[in-house]
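Novice: Please find one structure pasted underneath; my questions will follow.
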DNA sequence: AGTTGACTTAGAGTGAACTCTAAGTTGTAC
DNA sequence: GTACAACTTAGAGTTCACTCTAAGTCAACT
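Residue numbers (full-length UniProt numbering), protein chains in the order written: chain E, 1 to 118; chain L, 1 to 118.
Put into structure tokens, the structure is as follows:
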């Protein structure tokens, strides 16, 4: 599929997609006869995964590390797994903290509801 | 308490504390005889609250809005409550989404554990 | 043949939130 | 009285993740 189709499918602007390619998050995108990008389903799956990593707070530099390991092939499987497991633990911690903050926010809002704030 | 004591207590650098004051997040900080800042317990409570809002993803510009409403006194109580309730709903949505992403990450990690990724 | 519109590139610009620098002041220790 | 550390200011610089611009290419339509 072409740029605009892919862009609206993954909900990432064409500018950003080119940027991701430039920094090495997205590799070996095929080109058609007029040098335009031709995205595959593999690109779709990969960029969806990248997007979820990003949306769970992983910096692009770390996603890049994962992408680089992935390109090196099966010898990096363990490193990739460890990277994801570390991220998993960080995400669990993040969620727990956010849940605590939510409770504290609810407490604060209750003070407002009881007219105990000025 | 002075800058360095307050800074280490709230775990925000002195640079950032001055920056927060400059953009209006922290108002009316007292000064001692040599024009140095003298932070109070009220400042401590306020900045802790600000920090939690920030750590739950509220942009500084919105925290500033809350701070401005707060300075206007009791007439803004309802607006402040609404602002916090909106933030509460956003935080709930954020947590739910992160929990979904965590499940998807766990699924991915399981593929690694089962040797189903290359 | 000419216009349109989607693409291409390199590189410049943006906004958020800091983070640091330079130059100066003040209170305490030797 | 002078060295020192901790503060002060205005303003410059940094990082991250985009976001946009300018100039050009290419295929399809009128």
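Beta carbons: idealized from backbone N, C-alpha and C, even for Gly.
Could you check what DSSP says for residue 114 of chain L in three-state terms: helix, strand or coil?
Specialist: Position 114 of the second chain, counted from the start, is the residue given in the question as residue 114 of chain L. In the structure shown, residue 114 of chain L sits in coil (DSSP, three-state: anything other than H, G, I, E or B).
Novice: For the pair the segment 79 to 86 of chain L and the segment 22 to 37 of chain E, tell me if three or more CB-CB distances fall below 8 angstroms.
Specialist: The answer is no - the segment 22 to 37 of chain E does not touch the segment 79 to 86 of chain L, with fewer than three Cβ pairs under 8 angstroms.
Novice: Enumerate in chain order the residues of its own chain whose CB-to-CB distance from residue 53 of chain L is below 6 angstroms, with the five nearest sequence positions on each side excluded.
Specialist: Mapped onto the second chain, residue 53 of chain L falls at position 53. For residue 53 of chain L, where only same-chain residues beyond five positions count, the Cβ hits under 6 angstroms are 63.
Novice: Compute the distance between the beta-carbons of residue 72 of chain L and residue 25 of chain L, then report whether it is under 9 angstroms.
Specialist: Position 72 of the second chain holds residue 72 of chain L. Position 25 of the second chain holds residue 25 of chain L. In this structure, residue 25 of chain L does not lie closer than 9 angstroms to residue 72 of chain L by Cβ.
Novice: Please tell me whether residue 91 of chain L and residue 115 of chain L are closer than 9 angstroms, where the distance is taken between their beta carbons.
Specialist: Locating residue 91 of chain L in the second chain gives position 91, where the first residue counts as 1. Locating residue 115 of chain L in the second chain gives position 115, where the first residue counts as 1. No, Cβ-Cβ distance for residue 91 of chain L and residue 115 of chain L is not below 9 angstroms.
Novice: With a CB to CB cut of under 8 angstroms and the five nearest residues on each side skipped, what residues in its chain are close to residue 9 of chain L?
Specialist: Residue numbering aside, residue 9 of chain L sits at position 9 when the second chain is read from its first letter. The answer, listed in chain order, is 1, 44.
Novice: Alpha carbon to alpha carbon, what distance is there between residue 22 of chain L and residue 106 of chain L?
Specialist: Looking up residue 106 of chain L in the second chain gives position 106. Looking up residue 22 of chain L in the second chain gives position 22. Looking at the two C-alpha atoms, the distance is approximately 43 angstroms.
Novice: 9 angstroms is my cut-off, CB to CB: does residue 109 of chain L come that close to chain E?
Specialist: As a working mapping, residue 109 of chain L is identified with position 109 in the second chain. So, interface residue.
Novice: Ordered along the chain, which non-local residues of its own chain (more than five positions away) have a Cβ less than 8 angstroms from that of residue 36 of chain L?
Specialist: For this step, residue 36 of chain L is matched to residue 36 along the second chain. Excluding positions up to five away in sequence, the list reads 2, 3.
Novice: So that I know if they touch, is there some Cβ in chain E lying closer than 9 angstroms to that of residue 68 of chain L?
Specialist: Start at 1 with the first residue of the second chain, and residue 68 of chain L comes out as number 68. It does not: the Cβ of residue 68 of chain L has no partner Cβ on chain E nearer than 9 angstroms.
Novice: Starting from the beta carbon of residue 59 of chain L, find every residue of chain E whose beta carbon is closer than 9 angstroms, and list them in chain order.
Specialist: Against the second chain, residue 59 of chain L aligns to sequence position 59. Chain E residues near residue 59 of chain L: none, gap ~16 angstroms exceeds 9 angstroms.
Novice: Looking only at its own chain, which residues have a Cβ that is under 6 angstroms from the Cβ of residue 6 of chain E, when we skip the five neighbours before and after it?
Specialist: Residue 6 of chain E sits at position 6 when you count from the first residue of the first chain. These residues qualify, in order along the chain: 39.
Novice: Would residue 69 of chain L and residue 109 of chain E be called neighbours here (beta carbons separated by less than 9 angstroms)?
Specialist: In the second chain, the residue the question calls residue 69 of chain L occupies position 69. In the first chain, the residue the question calls residue 109 of chain E occupies position 109. No, Cβ-Cβ distance for residue 69 of chain L and residue 109 of chain E is not below 9 angstroms.
Novice: Checking contacts by CB at 9 angstroms: is residue 26 of chain E closer than that to chain L?
Specialist: Here residue 26 of chain E corresponds to residue number 26 of the first chain, with the count starting at 1. False, the Cβ-Cβ gap to chain L never drops below 9 angstroms.
Novice: Of all Cβ atoms in chain L, is any one closer than 9 angstroms to the Cβ of residue 50 of chain E?
Specialist: Mapped onto the first chain, residue 50 of chain E falls at position 50. It does not; no Cβ of chain L falls within 9 angstroms.
Novice: Could you name the residues of chain E that residue 101 of chain L contacts, counting a contact when the two beta carbons are closer than 8 angstroms?
Specialist: Position 101 of the second chain, counting from 1, holds the residue named residue 101 of chain L. Those within 8 angstroms of residue 101 of chain L in chain E are 52, 55, 56, 91.
Novice: Where do the ends of the alpha helix (DSSP H) carrying residue 66 of chain E lie?
Specialist: Position 66 of the first chain, counted from the first residue, corresponds to residue 66 of chain E. Looking at the DSSP string, the run of the alpha helix (DSSP H) that includes residue 66 of chain E is 60 to 71.
Novice: Roughly how many angstroms separate the alpha carbons of residue 12 of chain L and residue 65 of chain L, rounded to a whole number?
Specialist: What you label residue 12 of chain L is simply residue 12 of the second chain in a count that begins at 1. What you label residue 65 of chain L is simply residue 65 of the second chain in a count that begins at 1. Answer to the nearest angstrom: the Cα atoms are 21 angstroms apart.
Novice: So is residue 30 of chain L in contact with chain E if we call contact Cβ pairs under 9 angstroms?
Specialist: The sequence position of residue 30 of chain L within the second chain is 30, counting from 1. No - not a single Cβ of chain E is within 9 angstroms of the one on residue 30 of chain L.
Novice: Excluding the 5 residues preceding and the 5 following residue 118 of chain E in the sequence, name in chain order all residues of the same chain whose CB lies nearer than 8 angstroms to its CB.
Specialist: Locating residue 118 of chain E in the first chain gives position 118, counting from the first residue. Closer than 8 angstroms at Cβ, skipping near neighbours: no residue.
Novice: Going by DSSP, name the residue or residues bridged to residue 30 of chain L.
Specialist: In the second chain, counting from the first residue as 1, residue 30 of chain L sits at position 30. Paired residues: L:38.
Novice: Compare the C-beta of residue 7 of chain E against all C-beta atoms of chain L and say whether one is closer than 9 angstroms.
Specialist: Along the first chain, read from residue 1 onward, the residue named residue 7 of chain E stands at position 7. Chain L, which has no Cβ nearer than 9 angstroms to the Cβ of residue 7 of chain E, makes this no.
Novice: Step through the CB atoms of chain L and report whether any lies within less than 9 angstroms of the CB of residue 117 of chain E.
Specialist: The residue labelled residue 117 of chain E in the question sits at position 117 within the first chain. Residue 117 of chain E counts as touching chain L.
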